[in-house]
Amino acid sequence: MNRRLRWLWIPAILAYAFLYAPLVIVVVYSFNDSRLNAQWVGFTFSWYQKLFHNDKMLQAAWNSLLIGITASAVSTVLGTMAGYAMYRFRMRLLPLLVLAPIAVPEILMGVSLLIFFVLLNISLGMISIILAHIAFCIGFVAIVVRSRLAGMDESLTEAARDLGATPWKAFRLVTLPLIMPGVVAGALMAFTLSIDDFVITFFTAGVGSTTLPLQIYTMVKIAVTPEVNAISTLLMMLTLALIMVASRLAPGSLRAQ
Amino acid sequence: MSSGVKQNRLHKWLIGGPPLAYLVVFFAIPVMIMVLASFRSPGEFGGLAPLINEESGHRQLDLTGESYGRFFSDFLYTELFFKSFAYAAVTTVACLVIAYPLSMLIARSPKKHRDLLVLLVILPFWSNFLIRVYAWMIILSPQSVFVTALNQVVGWFGMEPLTLLYTPFAVIVGLVYVHLPFMVLPLYANLEKHDPALLDAAQDLGANAWRRFWRVTFPLSLPGIYAGAALVFIPALGIFAIPDILGGTEGIMIGNVIKQQFLDTRDWPFGSVLSMVLTVMAVLLAGLAAWVARRSRE
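Residue numbers (the working numbering), protein chains in the order written: chain A, 424 to 680; chain B, 1174 to 1471.
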């Protein structure tokens, strides 16, 4: 068996290098004391210092955080309801509407929401972004919660009902604690998706509602400075921390994704 | 009994109703409006022609197939679709070539290492999408360490220095990088289930490594390949940020033109037509992939 494996290591290591080299380069250059992303000149923290005095960047980070928290909170509630309804009841339209936003090209959702908001005279800004993010996060939460419910022991809820618990009480005291890891994983997923989203945000954002990805996009399009490397490095650290929290709170949830 | 059924019904709509209503309002209705928009004319100042005539005050829903006619008569746009298809196809093949040995190695590693090796594939995928694309902008830029070294080698052979950034090549590299995990995961999930006894049997019957792969492993992995191909090809088709950042003027794809129609030219009906064609193709391809997957399972 192992003899068969040996030659596979070479392409596999190359593939891992392909996956990690770009990210390592971004991190390394974020400490490089040069405006060009070329030669290594010397170590510096100045790009990070610049970052913390860049008002636009700070505003964008704040916007992203606000949108991420609001959108993930609402979509976790709605997504959990959707996942539960899909598991418990025979729903015809809901599974389709839960999956469709994940399946269609992202750009379709972006431009159709743009038309929708403009026709309804909803000004493009924080509110429109949050409404759009909730719409695409619900499906992901619903799928995670539904798969968690599918692995649950049904007899526990039935036992609670037999012992006289109302459906709500049985849900709150038995079902919800059991599916909680799925709900937490779904919430973290929604938060990451919201913070990370570029395409849908791009079409639903207005003046003064720039998020971090939009800010990075603008910087990359106008002039690449190592400040982009610094904010990228910080964002990678944040994501890594979130993943570690998620795996601590809901072991096994990472594999499900 | 009947009150129980009624109560069940009530619960169904109390729990399922709110998310359903939300997705109807913020997904289904916007998409339907867009279908409608693709049959209307652009307004005087871009966007859509107003639904209410400003002079007479009458409602007007003048539908027209004009934008569809323009799409199908102007070869420029069909060509652009073909080009996007070609990019997505090359990306899918490149992902398969890179992902196959990797997935095979993970699937045949000792069980305790597998989760870690899979996690290592997904981990970069959790950093921001734009950062991952931007990283390639650094690597492929003319003054980068990689490109200067490459051009030195190219120079020894007496050839012109290569330009990599802002070319279709750069777009493909970006597309492959971003979509690689979508190929690895289904392939690994498939390869992991293969029974090693089959390979041993083939070996006992005298098949060499090459034959064992093409006659046993590869045919069995086809469902994984189809799933991975669908997960790479369909999203790659509609992407616009990667060609926007890495592709320059030469490497644009259909997504860039959709963006342009909505934000720059502001011809919303035509932009809607392009999005509709793209979506219909994506849905058809997804349906095809599901059909092929079901057939190969039977």
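Cβ atoms here follow ideal geometry from the backbone N, Cα and C, with glycine treated the same way. Source: prediction; values computed, not measured.
- Taking C-beta atoms as the reference points, B/ALA1210 and A/ILE623 fail to come closer than 8 Å.
- At a cut-off of 8 Å between beta-carbon atoms, A/LEU442 makes contact with chain B.
- With a contact defined as Cβ atoms closer than 8 Å, A/ALA508 and A/LEU517 qualify at about 6 Å.
- Taking 8 Å as the Cβ-Cβ cut-off, the region 460-484 of chain A approaches chain B at ASN460, ALA461, GLN462, given in chain order.
- Contact between B/VAL1306 and B/GLY1347 is confirmed by a C-beta separation of about 5 Å, below the 8 Å threshold.
- Here B/GLY1328 has PRO1334 as same chain residues with Cβ atoms under 8 Å from its own Cβ, once five neighbours each way along the sequence are excluded.
- A/SER495 counts as buried, since no fewer than 16 other beta carbons sit within 10 angstroms of its beta carbon.
- Sorting A/PHE441, A/ARG513, A/SER670, A/SER535 by C-alpha distance to the C-alpha of A/PRO604 places A/SER670 at the top.
- Annotated three-state conformation of B/ASN1363 is helix, per DSSP.
- A/THR662 has a beta carbon lying within less than 8 Å of a beta carbon in chain B.
- The beta carbon of B/VAL1294 sits closer than 8 Å to some beta carbon of chain A.
- Residues of chain B with a Cβ closer than 7 Å to the Cβ of A/LEU542 are, in chain order, ILE1206.
- Considering only A/PRO649, A/GLY574, A/MET667, A/ALA664, the residue with the shortest C-alpha distance to A/PHE468 is A/PRO649.
- Taking 8 Å as the threshold, the shortest C-beta distance from A/VAL568 to chain B does not fall below it.
- For B/GLY1411, the residues of chain A that pass the 8 Å Cβ criterion are PRO528, GLU529, ILE530, LEU531, in the order they occur in the chain.
- Contact between the region 449-458 of chain A and the region 639-649 of chain A is present: 3 or more CB-CB pairs across the two stretches fall below 8 Å.
- Contact annotation: B/PHE1443 and B/SER1240 have beta-carbon atoms nearer than 8 Å.
- Around the beta carbon of B/PRO1354, 16 or more other beta carbons sit within 10 angstroms, so the residue counts as buried.
- When secondary structure is reduced to three states using DSSP, B/ASN1181 falls in the helix class.
- For the pair A/THR499 and B/ASN1181, the Cα-to-Cα distance works out to about 23 Å.
- Between the alpha carbons of A/ALA582 and B/LEU1293 lies a gap of roughly 42 Å.
- Taking one beta carbon from each stretch, the region 1194-1203 of chain B and the region 537-556 of chain A have 3 or more pairs nearer than 8 Å; the two touch.
- A/ASN460 carries a coil assignment under DSSP once its states are collapsed to helix, strand and coil.
- In the three-state reduction of the DSSP assignment, B/ASN1324 falls in the helix class.
- Against B/PRO1203, the close residues of chain A are SER535, LEU536, ILE538, PHE539, in the order they occur along the chain (beta-carbon pairs closer than 7 Å).
- Judged by beta-carbon spacing, A/GLY491 lies beyond the 8 Å limit of A/PHE621, meaning their Cβ atoms are not closer than that value.
- Inclusion of B/ALA1414 and B/PRO1359 in the CB contact set at 8 Å is not warranted, their separation being larger than that value.
- Boundaries of the alpha helix (DSSP H) around A/PRO434: 432-452.
- By the C-beta density criterion, B/GLY1397 is buried, having at least 16 other C-beta atoms within 10 angstroms.
- Per the Cβ contact rule, the region 540-554 of chain A is not in contact with the region 575-593 of chain A (fewer than 3 Cβ pairs under 8 Å).
- Comparing alpha carbon positions, the residue from A/ASN477, A/ASP478, A/VAL451 closest to A/PHE466 is A/VAL451.
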